[in-house]
Amino acid sequence: MEKWLQKKQHQQFDGSAIDKDRENEDKNNYETDLTCSESDSEVNLKFKDWIRKSSIKPNAAYCKICLTDIVCYNKNCLSRHYKSSKHISNMETIENKASQQKIDNLIQDLPLNKQIKRAELILAATVAVKCLSFSLMDTLIPIISKIFPDSKIAKQLSLKRTKTTAVIHSLSTVLLEDLNEKLMKPGSFFFLLLWMNQLMLIILSNVLF
Numbered sequence: 001m002e003k004w005l006q007k008k009q010h011q012q013f014d015g016s017a018i019d020k021d022r023e024n025e026d027k028n029n030y031e032t033d034l035t036c037s038e039s040d041s042e043v044n045l046k047f048k049d050w051i052r053k054s055s056i057k058p059n060a061a062y063c064k065i066c067l068t069d070i071v072c073y074n075k076n077c078l079s080r081h082y083k084s085s086k087h088i089s090n091m092e093t094i095e096n097k098a099s100q101q102k103i104d105n106l107i108q109d110l111p112l113n114k115q116i117k118r119a120e121l122i123l124a125a126t127v128a129v130k131c132l133s134f135s136l137m138d139t140l141i142p143i144i145s146k147i148f149p150d151s152k153i154a155k156q157l158s159l160k161r162t163k164t165t166a167v168i169h170s171l172s173t174v175l176l177e178d179l180n181e182k183l184m185k186p187g188s189f190f191f192l193l194l195w196m197n198q199l200m201l202i203i204l205s206n207v208l209f
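Letter 198 of the sequence shown, counting from 1, is numbered 198 in full-length UniProt numbering, and no numbers are missing.
Following this line, the structure appears as structure tokens:
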């Protein structure tokens with residue numbers, strides 16, 4: 001009887017030891033799956049920027065994009081989450097915000113004089129496109145500086161009617177050169193003539209009828 005009890009206790013001890021070994025093995029396998037090897041470059045690139053080990057749940061990963069825990073023991077679970085509509089949508093939102101932030105930073109990093117020239121070009125182009133009077137700039141520029149008193153660009157705008165005329169004439173020369181290059185391509189001149197004929201027909205129909 002004593003021998004049987006000793007044998008049973010020994011088996012229970014071995015069983016608990018085996019369970020602990022399995023638990024440690026699962027944990028090690030899990031950590032190994034989360035830490036990609038150097039040869040697994042594709043998986044490493046896929047996971048490294050958005051995942052870390054969960055600080056709350058054991059045997060779980062934490063998605064930094066979706067702000068949620070992912071219970072898993074292998075990379076397949078992570079791949080399924082990576083391809084889920086929720087994760088893809090959150091990624092697109094973050095990428096769009098990052099792109100806008102880069103554009104904003106690019107504009108802010110421009111020297112002040114270049115930002116002023118950029119603003120003056122936009123205003124002059126608006127006058128040309130909308131067929132506005134050049135004399136409007138004599139009134140508009142002072143109004144802009146009063147509306148935005150905290151803007152260094154608005155304070156240093158110096159775009160009156162004379163400068164607006166010069167800017168538009170300079171731009172028109174560049175645009176005409178660009179148009180000439182496009183018209184030199186085969187077929188472009190034919191479409192221009194066709195468009196002019198249609199325009200003439202519209203004008204004649206308005207005059208006659």
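For glycine and all other residues, C-beta sits at the position ideal for the given N, C-alpha and C.
What does DSSP give as the partner residues of VAL71 in its beta bridges?
-> ALA60
Return the bridge partner residues of LYS53 from the DSSP annotation.
-> ALA61
Indicate the three-state DSSP secondary structure (helix, strand or coil) for CYS36 in the structure shown.
-> Model confidence at CYS36 stands at a pLDDT of 38, short of 50, so the residue's coordinates are unreliable; what they give is reported in the following sentence. Note: CYS36 maps to coil in three-state DSSP.
State buried or exposed for LYS83, treating a residue as buried only when at least 16 other CB atoms are found within 10 Å of its CB.
-> exposed
Excluding five sequence neighbours on each side, which residues of the same chain lie with their C-beta closer than 6 Å to the C-beta of ALA124?
-> THR164, VAL167, ILE168
If you run the structure through DSSP and keep just helix, strand and coil, what is PRO142?
-> Helix.
Thinking C-alpha only, which one of THR139, PRO149, CYS66, ASN59 is nearest ASN90?
-> CYS66
Under a three-way DSSP split, which group does CYS66 fall into?
-> coil
Give me the Cβ distance between ILE116 and LEU171, rounded to the nearest whole Å; I'm assuming they're in contact under 8 Å.
-> Actually they do not touch by this definition, with Cβ atoms about 17 Å apart.
Would you decide whether CYS63 is buried or exposed? Buried here means 16 or more other CB atoms lie within 10 Å of its CB.
-> buried
Under the assumption that ILE70 contacts HIS81 (Cβ atoms under 8 Å), give the Cβ distance between them as a whole number of angstroms.
-> 5 Å
Chain-order list of residues whose beta-carbon lies under 8 Å from that of ILE153 (same chain, five-residue window excluded) = LEU112, GLN115, ILE116, ALA119
From which residue to which residue does the alpha helix (DSSP H) around LEU123 run?
-> It spans 112 to 129 - the alpha helix (DSSP H) in which LEU123 sits, taken as one unbroken run.
Confirm, please, whether the CB-CB distance from LYS160 to ASP138 is below 8 Å.
-> yes
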